[in-house]
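Trainee: The structure follows.
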Amino acid sequence: MSLSLYIDILGTIAFAISGVLTAFKKKMDFFGIFIIAFVTAVGGGTLRDVLISANIGWMRNTTFIYVIMGATVFGLLFRRQLGYLRKSLFLFDTIGIALYTVIGVEKGLAAAYPPITCIALGTLSACFGGVIRDILCNEIPIIFRKEIYATACILGGLAYFLLLKTTLSSTLIVILSGLVVIAVRLSAVIFKLSLPSLYRSENT
Amino acid sequence: MSLSLYIDILGTIAFAISGVLTAFKKKMDFFGIFIIAFVTAVGGGTLRDVLISANIGWMRNTTFIYVIMGATVFGLLFRRQLGYLRKSLFLFDTIGIALYTVIGVEKGLAAAYPPITCIALGTLSACFGGVIRDILCNEIPIIFRKEIYATACILGGLAYFLLLKTTLSSTLIVILSGLVVIAVRLSAVIFKLSLPSLYRSENT
Amino acid sequence: MSLSLYIDILGTIAFAISGVLTAFKKKMDFFGIFIIAFVTAVGGGTLRDVLISANIGWMRNTTFIYVIMGATVFGLLFRRQLGYLRKSLFLFDTIGIALYTVIGVEKGLAAAYPPITCIALGTLSACFGGVIRDILCNEIPIIFRKEIYATACILGGLAYFLLLKTTLSSTLIVILSGLVVIAVRLSAVIFKLSLPSLYRSENT
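See the structure below:
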């Protein structure tokens with residue numbers, strides 16, 4: 023089993039549990055919670071694959087369906103204890119979005135899309151599961167309001183294309199641009215950074 | 023005209039009218055009501071066909087567009103009298119989801135997807151028209167809260183794959199797994215069954 | 023640069039700015055506002071292309087990504103002054119939907135869909151960017167409540183197929199059916215027309 027598959031599974035678990043928690047707050051039943059966990063985990067990649075007419079991963083490789091089922095049951099049983107796992111889940115989530123960003127960029131490149139479209143595909147792979155989760159839960163998507171997430175993915179995607187102009191090996195480019203995503207997201211959370219507000223100077 | 027086409031049209035009418043009633047409560051105009059009726063009726067199948075890259079039925083076979091137009095006009099004109107038809111509409115809806123579940127499973131099988139993906143495709147065909155309806159009406163999808171619907175479809179899909187291991191003819195498998203969907207849904211409504219609540223023991 | 027590309031860019035700007043204004047009211051950050059501008063501008067065409075399995079324009083031709091970025095920045099910087107541009111933006115928007123309607127109809131025809139499906143594709147191209155915008159902003163889509171927009175597109179699509187039965191040149195058919203969209207929309211706004219309300223006679 024490759025490292026990227028490990029990271030993918032950890033990221034899937036973190037995404038699914040974030041779905042479980044959002045759905046639980048909305049008082050959904052087990053089926054609803056599972057579906058929200060599912061779309062949070064695979065929604066971004068599925069939308070990417072529909073846009074580029076690629077095969078949708080989870081439909082052939084059922085591992086992820088079982089991982090999400092397991093994460094849903096785990097998340098429901100231990101939801102009171104999840105606070106203790108918050109740092110681990112945040113870490114899984116962060117390396118997860120780094121992986122999904124790079125996978126999205128590389129899938130775009132493989133289909134010969136222009137760099138800016140590839141960066142969009144990477145960002146979408148990492149972020150739109152959460153967008154679909156929030157829409158299904160009747161909320162304005164959180165990343166449209168506080169978007170540490172998306173900026174990290176965009177900068178990681180930009181790093182990928184800058185590094186592509188160097189003589190670095192493709193493995194190193196993947197790792198370094200993934201680390202950019204992780205570094206930006208971690209710094210943003212540690213130093214409580216966010217985009218400059220557009221609303222400060224106004225009375226509302 | 024085959025029996026399955028008859029059932030499909032009856033199911034489409036029941037789905038469309040459920041869309042009309044939801045949209046009417048939201049004070050939409052005629053165009054909005056028609057669109058909600060339309061996505062309720064064909065949304066699940068359309069999403070399924072996008073996911074498996076199949077041709078989308080209603081785009082070539084316009085019968086369903088006219089059926090939905092007719093159901094919209096009928097639903098609006100007779101909305102005060104629809105209470106009298108409630109049992110018929112419920113029956114059409116129930117045999118409709120049985121048909122859509124089996125169609126979804128068989129479309130998945132034809133494209134060689136694994137059984138669990140086929141069951142997901144069947145459930146999605148039957149249930150996601152209603153999900154899209156509720157999102158467009160700015161509601162949390164009803165089946166994520168009270169999901170008699172989805173469980174019936176999942177059990178029907180499971181029955182399909184269990185029966186596939188027997189020596190029964192394919193026609194009989196289709197009919198029996200469809201009857202499972204109908205039986206589960208009818209029992210759930212008659213005996214007021216629902217999934218065990220996850221929220222009972224908590225103060226909220 | 024052809025006339026239709028000019029119109030397309032003006033329409034894209036008008037759509038993007040309508041997205042900026044809606045997202046700004048919801049207190050989104052820059053990323054959220056840009057995404058809403060983006061889906062408002064390209065969402066309808068993207069959904070159409072997914073439904074007919076065509077290539078998605080903005081993914082290959084990045085001009086539109088930059089146009090939408092520019093319109094987002096412009097819209098944010100000059101949002102207090104946009105009132106002065108209201109008539110121009112309304113005009114851009116109106117000729118934009120005329121163009122998108124005709125493009126949608128012609129894409130449907132090129133893929134040999136039946137006329138009613140082509141009209142649906144034209145209407146969807148022109149209107150569903152706004153629908154996705156409203157869903158992402160957690161609102162019931164405005165065109166489902168006050169749909170001057172959609173009726174104009176449907177009538178323009180009908181005009182296209184009526185004119186197709188004449189001996190007029192294809193260029194003239196495009197121009198005339200586009201003018202029908204513009205004329206209906208302008209008249210509706212000037213004379214404050216809307217569909218007859220379904221709710222007048224009821225106490226609510």
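Those protein sequence lines, which keep their order, are chains A, B and C.
According to the numbering used here, the stretch in the first sequence is residues 23 to 226, in order.
According to the numbering used here, the stretch in the second sequence is residues 23 to 226, in order.
According to the numbering used here, the stretch in the third sequence is residues 23 to 226, in order.
Ideal Cβ positions, reconstructed from N, Cα and C, are used throughout, including at glycine.
Taking just the CA atoms, how far does A:G33 sit from C:K49?
Mentor: About 29 Å.
Trainee: Is B:A134 buried or exposed, if buried means 16 or more other CB atoms sit within 10 Å of its CB?
Mentor: When all chains shown are included, B:A134 counts as exposed.
Trainee: Should C:K51 be flagged as near chain A, meaning a C-beta pair shorter than 8 Å?
Mentor: Note that residue 51 of chain C is Asp in the sequence shown here, rather than Lys. Output row for C:D51: interface = yes.
Trainee: Mapping the DSSP letters down to three states, classify C:T226 as helix, strand or coil.
Mentor: Because C:T226 sits at a pLDDT of 43, beneath the cut-off of 50, its placement in the model cannot be relied upon, and the following sentence gives the value as read from the coordinates. In the structure shown, C:T226 sits in coil (DSSP, three-state: anything other than H, G, I, E or B).
Trainee: If you draw a straight line from the alpha carbon of A:A132 to that of C:F86, how long is it in whole angstroms?
Mentor: Rounded to the nearest angstrom, the two C-alpha atoms are 22 Å apart.
Trainee: Quick check on the DSSP output: the alpha helix (DSSP H) that includes C:E128 runs from which residue to which?
Mentor: Here the alpha helix (DSSP H) through C:E128 covers R108 to A132.
Trainee: Please classify C:K129: is it buried, with 16 or more other beta-carbons within 10 angstroms of its beta-carbon, or exposed?
Mentor: Its Cβ being crowded by 16 or more others within 10 Å, C:K129 is buried.
Trainee: Using a threshold of 8 Å, state whether the C-beta atoms of A:L158 and A:I39 are closer than that.
Mentor: It is not a contact, given that the beta carbons lie outside the stated cut-off.
Trainee: Start and end of the alpha helix (DSSP H) containing A:G92?
Mentor: Run containing A:G92: T85 to L99, per the alpha helix (DSSP H) assignment.
Trainee: Under 8 Å, do A:A93 and A:I35 count as touching if we go by C-beta distance?
Mentor: Their beta carbons are under 8 Å apart, which means A:A93 touches A:I35 by this criterion.
Trainee: Short check: CB of A:G179 to CB of A:I164, under 8 Å?
Mentor: It is not a contact, given that the beta carbons lie outside the stated cut-off.
Trainee: With a threshold of 16 other CB atoms inside 10 Å of the CB of B:L25, please say whether the residue is buried or exposed.
Mentor: Exposed.
Trainee: Would you say C:I138 faces chain B, with C-beta separation under 8 Å as the test?
Mentor: With 8 Å as the cut-off, C:I138 counts as an interface residue toward chain B.
Trainee: Can you list, in chain order, the residues of its chain whose CB lies under 7 Å from that of A:I204, leaving out five sequence neighbours each side?
Mentor: Cβ within range, chain order: T116, I117 and A120.
Trainee: Does DSSP put B:L184 in a helix, a strand or coil?
Mentor: Here B:L184 sits in helix by DSSP.
Trainee: Between the Cα of C:R207 and the Cα atoms of C:T188, C:F114 and C:E161, which residue gives the shortest distance?
Mentor: With distances taken between Cα atoms, C:R207 lies closest to C:F114.
Trainee: Consult DSSP for B:A36 and reduce its assignment to one of helix, strand or coil.
Mentor: Here B:A36 sits in helix by DSSP.
Trainee: Contact check, B:P137 vs B:F183 under 8 Å by CB: the rounded distance?
Mentor: Correct: roughly 5 Å between the Cβ atoms.
Trainee: Against B:Y122, what residues of chain A qualify as contacts under a CB-to-CB distance less than 9 Å, listed in chain order?
Mentor: Here the premise fails: no neighbours, minimum Cβ distance about 17 Å.
Trainee: On the DSSP letters alone, give me the boundaries of the alpha helix (DSSP H) that C:G261 sits inside.
Mentor: A query on residue 261 of chain C cannot be resolved here, the shown segment of chain C reaching from 23 to 226 and no further.
Trainee: Drop a sphere of 10 angstroms on the beta-carbon of C:V61, count the other beta-carbons inside from all chains shown, and report buried for 16 or more, exposed for fewer.
Mentor: Buried: at least 16 other Cβ atoms inside 10 Å.
Trainee: At a cut of 8 Å, does the stretch 188-200 of chain C reach the stretch 70-82 of chain B through at least three beta carbon pairs?
Mentor: At 8 Å Cβ cutoff, the stretches do not touch.
Trainee: For a contact defined as C-beta to C-beta under 7 Å, what are the partners of A:V61 on chain B?
Mentor: Correct list: empty, because the minimum Cβ distance to chain B is about 10 Å.
Trainee: Check whether chain A comes within 8 Å of B:V72, counting only Cβ atoms and requiring the distance to be less than that.
Mentor: Yes, contact with chain A.
Trainee: With a 10 Å radius around its C-beta and 16 neighbouring C-beta atoms as the bar for buried, classify A:E224 as buried or exposed.
Mentor: With a pLDDT of only 49 at A:E224, under 50, the local geometry of the prediction cannot be trusted, and the value read off the model is given with reservation. Exposed, since its Cβ has fewer than 16 Cβ neighbours within 10 Å.
Trainee: Let me see if you follow: with CB-CB separation under 8 Å, is C:G65 close to chain A or not?
Mentor: C:G65 does not count as touching chain A.
Trainee: Consult DSSP for C:C175 and reduce its assignment to one of helix, strand or coil.
Mentor: Correct three-state label for C:C175: helix.
Trainee: Helix, strand or coil for B:K214? Go by DSSP, reduced to three states.
Mentor: Coil, per DSSP.
Trainee: Of the residues that make up the stretch 152-168 of chain C, which ones have a beta carbon closer than 8 Å to any beta carbon in chain B?
Mentor: Cβ contacts with chain B: V153, I157, N160, E161, I162, P163, I165, F166, R167 and K168.
Trainee: Using C-beta distances below 7 Å, list every residue in its chain close to C:L220, excluding the 5 sequence neighbours before and after it, in chain order.
Mentor: Around C:L220: no qualifying Cβ.
Trainee: Our contact map puts A:N160 next to B:E161 with C-beta atoms below 8 Å; I'd like the distance itself, whole angstroms only.
Mentor: At roughly 7 Å, the Cβ-Cβ gap stays under 8 Å, so A:N160 and B:E161 are in contact.
Trainee: So is A:T116 in contact with chain C if we call contact Cβ pairs under 8 Å?
Mentor: Output row for A:T116: interface = no.
Trainee: Would you say C:T44 lies against chain B (beta-carbon separation less than 8 Å)?
Mentor: No, its Cβ sits nowhere closer than 8 Å to a Cβ of chain B.
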